[in-house]
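Enquirer: In the working numbering, each number is its position in the sequence shown, counted from 1, plus 1171.
Positions of the beta carbon are idealized from the N, C-alpha and C atoms, including for glycine.
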Amino acid sequence: PEPEPEKPFEIVEDEKLVDLAPGGKVSNIKNTYKDAKIKDSSGKEVTSTSATLATGYTVTINGKEYDIVVLGDVNGNGDITSSDLLGIVNHLNGNKPLKDAYKKACDANRSDTISSSDLLTVVNHLNESKKITL
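(1) Three or more beta-carbon pairs under 8 Å between the stretch 1198-1210 and the stretch 1246-1254, yes or no?
(2) Along the alpha helix (DSSP H) that carries leucine 1291, what are the first and last residues, could you check?
(3) If we call anything under 9 Å between Cβ atoms a contact, is asparagine 1233 one with aspartate 1190?
(4) Closest to alanine 1222 by CA distance: which of Gly1214, Thr1231, Ser1213 and Ile1209 is it?
(5) For glutamate 1236, write down the residues that DSSP places opposite it in a beta bridge.
(6) Which term fits threonine 1292, buried or exposed, when burial requires 16 or more other beta carbons within 10 angstroms of its beta carbon?
(7) By a C-beta neighbour count over all protein chains shown, 10 Å radius and 16 as the cutoff for buried, is aspartate 1278 buried or exposed?
(8) Can you tell me whether valine 1240 is buried or exposed, with buried defined as 16 or more other CB within 10 angstroms of its CB?
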């Protein structure tokens, strides 16, 4: 059988989160929810549909606000880099614990726990051996 097409995002209702794979664009959400309002981490509305989404952004859909979580993007810049690896390490060893959407972004493999497996997931994404997906 054909593999199922990759989902651009997933709404987690009970946690009020929108999970995204890295590289997600505003258009991914706007194509499904035309009236969605997306704001960056400083609260400024993002109107460009080609803008890359980042952890810490919010989206309002049908009157409900959701935190955006880009899996692996623990520093909230929209890119997955070695600084995100360091963020996960610092979270795991307690040096700089993360909260809210940033903590959820640490769970890059979506196992509901943050562990060294998430580090490996980000490393594999960085060396392009396996993309982070939903």
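Expert: On the basis of the data shown:
(1) no
(2) 1287-1297
(3) no
(4) Ile1209
(5) Thr1231
(6) buried
(7) buried
(8) buried
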